[in-house]
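Residue numbers (the numbering used here), protein chains in the order written: chain Z, 23 to 137; chain E, 58 to 174.
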Amino acid sequence: AQSVSQHNHHVILSEAASLELGCNYSYGGTVNLFWYVQYPGQHLQLLLKYFSGDPLVKGIKGFEAEFIKSKFSFNLRKPSVQWSDTAEYFCAVTNSGGSNYKLTFGKGTLLTVNP
Amino acid sequence: GAVVSQHPSRVICKSGTSVKIECRSLDFQATTMFWYRQFPKQSLMLMATSNEGSKATYEQGVEKDKFLINHASLTLSTLTVTSAHPEDSSFYICSARDPRKGNEKLFFGSGTQLSVL
């Protein structure tokens, strides 16, 4: 069974600080990887995804993530955070075989950006 | 704007009663919807996959007789928590897959906070 581990439960940063949120997964096969974000009072929405190709993927709002297969990691980064990035961030994985698109989520990381 | 609507957003009920939660896709036909449950400070856990016109597929450990799923139309799936008990109190969230987009993207509802007294 696949699992996702997010290392930080709550991260607090000041505006303009750099961000890196850790995500490790455990699954022996080929995976698709996602980062979702949930802003306060809003739905979960897709931030970025990796299916294949360039392991450095760029998402919306200046976020990027790097897939490192040897480390089973898919860390989320942003060079300079803004107050509006305050949200909960979820890493998720699904295996890419067949038509399996059931997501396994991590526990989430709450990001608080202080102005 | 939201493309998946979930209702109600919050429900409080007495132990032993049943609660129905609706999940609607607003601008696409969702042949597949997913139901998740999230306990405080835990990850979203997939409960079941709802397929239009057929029986839902439940994840291991999820009681299908307690969590009834009906996906009678291409835009509506319902989750009924039957004979709810306090341990069923949780945040329930649905998602829908837009078949036009393959498996690239799921759209999520806003969730339902269920509190069983």
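We put the beta carbon where it would ideally sit given N, CA and C, even for glycine.
Distance, Cα to Cα, residue i vs residue j?
| i | j | result |
| --- | --- | --- |
| residue 139 of chain E | residue 98 of chain E | 25 Å |
| residue 37 of chain Z | residue 110 of chain E | 49 Å |
| residue 131 of chain E | residue 35 of chain Z | 43 Å |
| residue 81 of chain Z | residue 131 of chain Z | 18 Å |
| residue 148 of chain E | residue 56 of chain Z | 21 Å |
| residue 137 of chain Z | residue 100 of chain Z | 16 Å |
| residue 115 of chain Z | residue 174 of chain E | 35 Å |
| residue 126 of chain E | residue 156 of chain E | 20 Å |
| residue 48 of chain Z | residue 89 of chain Z | 13 Å |
| residue 170 of chain E | residue 129 of chain Z | 17 Å |
| residue 142 of chain E | residue 72 of chain E | 5 Å |
| residue 86 of chain Z | residue 78 of chain Z | 7 Å |
| residue 88 of chain E | residue 108 of chain E | 6 Å |
| residue 62 of chain E | residue 69 of chain Z | 20 Å |
| residue 82 of chain E | residue 63 of chain Z | 19 Å |
| residue 122 of chain E | residue 98 of chain Z | 39 Å |
| residue 68 of chain E | residue 50 of chain Z | 40 Å |
Any idea which residues DSSP pairs residue i with across the strands?
| i | result |
| --- | --- |
| residue 93 of chain E | E:103 and E:150 |
| residue 164 of chain E | E:153 |
| residue 78 of chain E | E:136 |
| residue 57 of chain Z | Z:70 and Z:113 |
| residue 133 of chain Z | Z:33 and Z:109 |
| residue 49 of chain Z | None; residue 49 of chain Z has no bridge partner. |
| residue 126 of chain Z | Z:115 |
Between which two residues does the beta strand (DSSP E) harbouring residue i extend?
| i | result |
| --- | --- |
| residue 109 of chain Z | 109-117 |
| residue 42 of chain Z | 41-43 |
| residue 86 of chain Z | 86-90 |
| residue 128 of chain E | 124-130 |
| residue 64 of chain E | 61-64 |
| residue 69 of chain E | 67-70 |
| residue 170 of chain E | 169-173 |
| residue 144 of chain Z | The displayed coordinates of chain Z run from 23 to 137. Any statement about residue 144 of chain Z would go beyond what the structure contains. |
ask   = Counting pairs of Cβ atoms below 8 Å between the region 39-50 of chain Z and the region 101-113 of chain Z, do you hit three or more?
value = yes
query = Does the count of Cβ pairs from the region 76-83 of chain E and the region 132-152 of chain E closer than 8 Å reach three?
reply = yes
request  = Mind checking the region 88-113 of chain E against chain Z and listing, in chain order, the residues whose C-beta falls within less than 9 Å of any C-beta there?
outcome  = 89, 91, 93, 95, 98, 99, 100, 101, 102, 103 and 106
query = Touch check for the region 83-103 of chain E and the region 95-110 of chain Z: three-plus C-beta pairs under 8 Å?
reply = Counting Cβ pairs under 8 Å, fewer than three are found: no touch.
task = Mind checking the region 68-87 of chain Z against chain E and listing, in chain order, the residues whose C-beta falls within less than 8 Å of any C-beta there?
result = Answer set for the region 68-87 of chain Z: 68, 71 and 73.
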